[in-house]
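**Q**
Protein chains: 4
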Amino acid sequence: MLVLLKPGTAEATAIDVMTRLRMAGLAVHRTEHEGRIRVAAIGDLSAVAWDEVKDWPGVESAQKLSRPFKLASRAFHPHDTILSVGRAAIGDRRITLMAGPCSVEGEEQAFTIAAAVAKAGATVMRGGAYKPRTSPYAFQGLGEEGLKILRRAADAHGLSVISEVMDSQQVSLLARYADILQIGARNMQNYALLREVGHTQKPVMIKRGLASTIEEWLLSAEHVMAQGNQQVMLCERGIRTFETYTRNTLDLNAVPVVKELSHLPVIVDPSHGVGIRNKVAPMARAAIAAGADGLIIEVHHDPDHALSDGAQSLFPNQFDELVAQIRTIAEVVGRSI
Amino acid sequence: MLVLLKPGTAEATAIDVMTRLRMAGLAVHRTEHEGRIRVAAIGDLSAVAWDEVKDWPGVESAQKLSRPFKLASRAFHPHDTILSVGRAAIGDRRITLMAGPCSVEGEEQAFTIAAAVAKAGATVMRGGAYKPRTSPYAFQGLGEEGLKILRRAADAHGLSVISEVMDSQQVSLLARYADILQIGARNMQNYALLREVGHTQKPVMIKRGLASTIEEWLLSAEHVMAQGNQQVMLCERGIRTFETYTRNTLDLNAVPVVKELSHLPVIVDPSHGVGIRNKVAPMARAAIAAGADGLIIEVHHDPDHALSDGAQSLFPNQFDELVAQIRTIAEVVGRSI
Amino acid sequence: MLVLLKPGTAEATAIDVMTRLRMAGLAVHRTEHEGRIRVAAIGDLSAVAWDEVKDWPGVESAQKLSRPFKLASRAFHPHDTILSVGRAAIGDRRITLMAGPCSVEGEEQAFTIAAAVAKAGATVMRGGAYKPRTSPYAFQGLGEEGLKILRRAADAHGLSVISEVMDSQQVSLLARYADILQIGARNMQNYALLREVGHTQKPVMIKRGLASTIEEWLLSAEHVMAQGNQQVMLCERGIRTFETYTRNTLDLNAVPVVKELSHLPVIVDPSHGVGIRNKVAPMARAAIAAGADGLIIEVHHDPDHALSDGAQSLFPNQFDELVAQIRTIAEVVGRSI
Amino acid sequence: MLVLLKPGTAEATAIDVMTRLRMAGLAVHRTEHEGRIRVAAIGDLSAVAWDEVKDWPGVESAQKLSRPFKLASRAFHPHDTILSVGRAAIGDRRITLMAGPCSVEGEEQAFTIAAAVAKAGATVMRGGAYKPRTSPYAFQGLGEEGLKILRRAADAHGLSVISEVMDSQQVSLLARYADILQIGARNMQNYALLREVGHTQKPVMIKRGLASTIEEWLLSAEHVMAQGNQQVMLCERGIRTFETYTRNTLDLNAVPVVKELSHLPVIVDPSHGVGIRNKVAPMARAAIAAGADGLIIEVHHDPDHALSDGAQSLFPNQFDELVAQIRTIAEVVGRSI
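Chains as they are written, first to last, in the working numbering: chain A, 79 to 415; chain B, 79 to 415; chain C, 79 to 415; chain D, 79 to 415.
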């Protein structure tokens, strides 16, 4: 249920309302919008006589949150969530650019790329240290060594770090090195992992599963938020369809849909989304035109020798050029870089 | 096979080459690029000794056209095809805007909308007179009466007309009223219909089938072109996926992919593609950012009373606003409106 | 609306009811079940005061037909439809076996295969004379010559003939040679064609479109039935998914679902459905176990030299063996061969 | 690479061959077939001169294992894998029946159902104690308490236990109570979890992900097997398509395909696969007819009050009846119950 308090309700009264709901066994979350406190009460609703709640002191109305996701919904939290990460304010008027190699491969690679993407305007560096690979025999990432390199390379250029966490047992390790914890598409419904990152206070980026509906994706965000961590953003990275020419089918329709249903920032990953280098820039431009809050893009100075995903990585100069194009498109939709 | 002639080959020599190929039972098509004649020879290739063709007078090389579509491929026809229709040059630097109601419903509706979309910058008016409806009991369109109204409304505002032809027996009727013959998504592989429009000299727009691969779509274009009509454009209008929040999943990845594989213009239909009014503008902007040659958009002055697809039709003022946004995005990708 | 008449209602009274409905502008269809006349009234329902209909002489009740398909629904027509075609009673307790080559290629081929499949227990011979081919350059079938051969080969062995009709202009030609008109998957929503076969009195088999929902498929049947031809059967032949190992994904779930929603017979085509010879028999067995009313299977005595679909055609002896297996499975589900 | 040794090669010679391959840095696995030792050597193949391997003592041939899955492939391991679990021999001539409630809900429920399914012929009892739920607010299972109940109920009726493990940290707990560790569809590509169960010696059943290709599914099995645990079986449980009438689309095509590509047993879950009670039996029959090695079916004595998935659970008497039907179908495909 969504319980709206009257404008100017005293804090003590608000606490009273929330206490009564908690005592009925409900989980209670609070936000504010246009000077009014909004309380989401989640759980077995049968213990409360909802008809009478509007007569409680301070309460204006109580209405059902009809979507299965509650904390992630705009109904509960009408204004856009903005996540502060280093120099980035993700979800703000300014477009966030995250860039870097698919996998961290070594000191030189990471520093070279960090320098290039920082110069082009990125504020977050991406780089995998633990890689989810379809084959057990493929390169699995450098592990903690990779995280250390990534951290140093990012720090040297004033960048924040995003990196994927693949298992509940890895969360504390990742949290030591990364500023944003990435949940990969294959793990979007790994609920033990979602719960674990929900117990940290690190921003979390949840990639959409290959065949996940938008509702399921928002429910995965809800799994994190229900544990207390409200710093969640979503990342569209392509769905699986019948088409075989592209690696995946980047679903930009999801951008305006999620922006309407939810207050969480939406990032687009055109690199995995389409999977072909010369299609990355068109889809990145399109993502911003569709209203995305940011991009996460694979950039590599020597993609032909990359240990993973070289064929979809941009050269640094291509990334530069793309940023210039996006700058103008951002203005059309009331944003900037 | 693609037979490239040497620069400056005399016309008589070129004709000689083509005649020899025809006498071997092959269908022969010709184009020119950078001062050189290019000849596509299609059919049972076994009757020609291809090793020896490069020794024929005027021939520079003979190479296999590896894709199953031949005339539609960039390999055969490297430069962009531009289709002249009234004031529009579809595929040219200038973005083409097609707009109008889903169905023609009457004189007043058609004239009101024609005036609005012409003023906003559209050069082609869309409007269905024969509607493919999933249910036999739904409104099937006004038929020829609708075509007459559409023609008059378009003419009154200097617009060209695009309208759907649903059956091989309707082609000559449609050709009398429309400037562009539209093949609907459900008929993308109605080969009798494709052949029939291939025998006209009218521009044809082929909508992508709901579950058609890009290759199949280009092969449908090839069905038309193989009959002699090279005036073909393609229209992405959303594919079917597991997602139920949107009506279809507009696949913008198809835009840069088709532009690479083929020389044919690509139009995007965000109205059917996403099917929700307030998502049409974001997807339309994204389409242009991704490199589309034009848009076809449903506009209705009174969508709540539209006989079909009202929920996805833009109001005229929304269309105006969209055109303004697109103007700037077009410049980013080297285009204009 | 579904108007149920009381048991024992006099014919004159029934006609009265139907006339009143027709005069209100509705299309009226009639069936009988358990001694009671059932009337489906379809169209703009607003002209009738439905509350009062139950007070009309002879009327027991009037209720909404909630599904968008009406004549195809079990609600209107509770008992199974059985289509008599030559020696076959399709939809009856007995499983119908249709078999033959993908394309008719010549006299010898057709007669050899006809003999083999008749001996094995088939009662209907399949064979394409007009082939819908993705490429305009592939073998398109022998046309009318093929139909003549097919007819003679079938007649020589007491078989009925099923063959595909691809265009509204071909219907009368096909109807001259074939006993069952097949609508191919690509034409499932070719409404002009559906209307045309709806005007014949030939049984029609509608293949499910590659990405068609079950509801759309039943609505295509409704398009035929609304024209007056109630002799319709459905054919599941595989849908398109992301899987690339098989040609299509035969969707056997559709069998029990359609049998519940509709009274029309359901045939399964495992040859196109899975597209790999040694997977055809397992899927054919599974289809019967799932409750299908029949099978349509590609059989070729020399598949390596077939002009189309050789890789999925069974050898005659494999078809024999399959029929033996199916005989036992049929008994498990209360059927026979 | 697959290194085949000559028939009758002495054990010492075989060990020699394997040692040489290991010393080249390769992982080495061994199986036997028709009296011959077969050695799979996996890893960076460049350190061995493969042309010369056939001249090593005891070696007959060395050939590439072309599929990305190696240990899971029939090329390496031509005979069917049979997993011994209590009274079941999964993959053997005898069909394995696993049945039980979706979730363990309490002592009485578990014992009642255990008795019923044991009597009907099941040898393995299913029951969830940790449930992967799309919503964080839905019933998440009884946890360890549920496992204890499940174990006692199964033991009381001579049944083995299968239950889902959702996280790498849960593996040792699950292994204490369950005989088979189930990897759910959402976790099919949770590689940390796959590795962890790969370190146990418990049989593992891997459910196919909702949008996983057959190749990816076999690669998930490979992830387990590469850790040393060869006791793996696969479970088809429905893929996600555009169809909304059924919960999922049970893909029976996968059964014959996997049986050809791999030696691992294939179980089918029609309960989740179709998700509608009266469609479970038809699809279960079809699965056996298609060649499945077993079924896993939800059975509940009071499905209307089940805490999860009641709408797809069979009543015990329906399960009885189904087993009787399957008995006959099993014989048709050379199996028994």
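For every residue, glycine included, the Cβ atom is placed at its ideal position computed from N, Cα and C. Everything numeric in this text was worked out from a predicted model, so none of it was measured.
1) Can you check whether the CB of H301 of chain A is closer than 9 angstroms to the CB of L342 of chain A?
2) Under the rule that 16 or more other beta-carbon atoms within 10 Å means buried, what is F217 of chain A, buried or exposed?
3) Strictly under 9 angstroms for the Cβ-Cβ distance: is A332 of chain B near chain G by that measure?
4) Which residue wins for smallest C-alpha separation from L202 of chain B, given the options B:Y208, B:S162, B:E186, B:S213?
5) Quick one: measure Cβ to Cβ for K357 of chain A and P334 of chain B, integer angstroms, because I've assumed they're closer than 8 angstroms.
6) For L288 of chain A, which option in A:T319, A:M311, A:V282, A:N307 has the closest C-alpha, if you only look at C-alpha atoms?
7) Please classify K337 of chain D: is it buried, with 16 or more other beta-carbons within 10 angstroms of its beta-carbon, or exposed?
8) Terminal residues of the continuous alpha helix (DSSP H) containing Q187 of chain A?
9) Which complete alpha helix (DSSP H) runs does the region 307 to 388 of chain A hold, if anything under 4 residues is left out?
10) Quick check on K197 of chain C - is its C-beta less than 9 angstroms from some C-beta in chain B?
11) Could you tell me whether the region 162 to 174 of chain D touches the region 347 to 356 of chain D, where touching means 3 or more Cβ pairs closer than 8 angstroms?
12) Tell me, please, whether the CB atom of T322 of chain C is closer than 9 angstroms to any CB atom in chain A?
13) Which value, in whole angstroms, describes the spacing of the CA atoms of D122 of chain B and K148 of chain B?
14) Would C180 of chain B and G388 of chain B qualify as a contact pair, given that the criterion is a beta-carbon distance under 9 angstroms?
15) Counting contacts by CB-CB distance shorter than 9 angstroms, is S181 of chain C in contact with chain B?
16) Among residues of its own chain, excluding the 5 on either side of T174 of chain B, which ones have a beta-carbon nearer than 6 angstroms to its beta-carbon?
17) In or out: I240 of chain C buried (at least 16 other Cβ within 10 Å) or exposed?
18) Would you list the residues sitting across from H111 of chain B in a DSSP beta bridge?
19) Taking the alpha-carbon of K226 of chain B as reference, which of B:R211, B:S246, B:G205, B:M244 has the nearest alpha-carbon?
20) With 7 angstroms as the limit, tell me which residues of the region 369 to 385 of chain C have their beta carbon closer than that to any beta carbon of chain D; keep them in chain order.
21) Report the rounded CA-to-CA distance for A150 of chain C versus R100 of chain C, giving the unit in angstroms.
22) Please list, in chain order, the chain D residues whose beta carbon lies closer than 7 angstroms to that of I292 of chain C.
23) Per DSSP, what are the beta-bridge partners of V239 of chain A in this structure?
24) Leaving out five residues on either side along the sequence, give the residues of the same chain with a beta carbon under 8 angstroms from the beta carbon of L83 of chain A.
25) Along the region 272 to 300 of chain A, where does the CB come closer than 7 angstroms to a CB of chain D? Name the residues.
26) Which of the residues in the region 382 to 407 of chain B, read from start to end, lie with their CB under 8 angstroms from any CB of chain A?
27) Let me check you understand the geometry: is the CB of R254 of chain D closer than 8 angstroms to at least one non-hydrogen atom of the ligand MG?
28) Between the Cα of Y215 of chain B and the Cα atoms of C:L312, C:I120, C:F397, which residue gives the shortest distance?
29) I need the boundaries of the alpha helix (DSSP H) containing S250 of chain C, first residue and last residue.
30) For I160 of chain A, does the three-state DSSP call read helix, strand or coil?
31) Beta-carbon of D94 of chain A versus every beta-carbon of chain B: anything under 9 angstroms?
32) Counting only C-beta atoms, is G264 of chain B closer than 9 angstroms to chain D at any point?
33) Taking the alpha carbon of S144 of chain D as the reference point, which residue from D:M311, D:E293, D:D257 has its own alpha carbon closest?
34) Is the beta carbon of R171 of chain D less than 9 angstroms from the beta carbon of R413 of chain D?
35) Let me check understanding here. Comparing Cα to Cα, which of B:L385, B:D329, B:F393, B:A105 lies closest to A207 of chain B?
**A** Taking the definition as stated:
1) no
2) exposed
3) Although the question refers to chain G, the structure presented lacks it and instead comprises the protein chains A, B, C and D.
4) Residue 202 of chain B is actually Val in this sequence, not Leu. Among B:Y208, B:S162, B:E186, B:S213, the Cα nearest to that of V202 of chain B belongs to B:S162.
5) 5 angstroms
6) A:T319
7) buried
8) 185 to 198
9) 332 to 339, 348 to 352, 355 to 367
10) no
11) no
12) yes
13) 14 angstroms
14) yes
15) no
16) A166, I168, G372
17) buried
18) B:R114
19) B:G205
20) G369
21) 20 angstroms
22) E321, Y323
23) A:M203
24) T91, A92, V95, R114, I115, R116, V117, G136, V137, E138
25) L288, A289, E294, L297, E300
26) Q403, T406, I407
27) With respect to the ligand MG, the structure shown offers nothing to examine, as it has no ligands at all.
28) C:I120
29) 249 to 255
30) coil
31) no
32) The amino acid at residue 264 of chain B is misidentified as Gly; the sequence shows Arg. False, the Cβ-Cβ gap to chain D never drops below 9 angstroms.
33) D:E293
34) yes
35) B:L385
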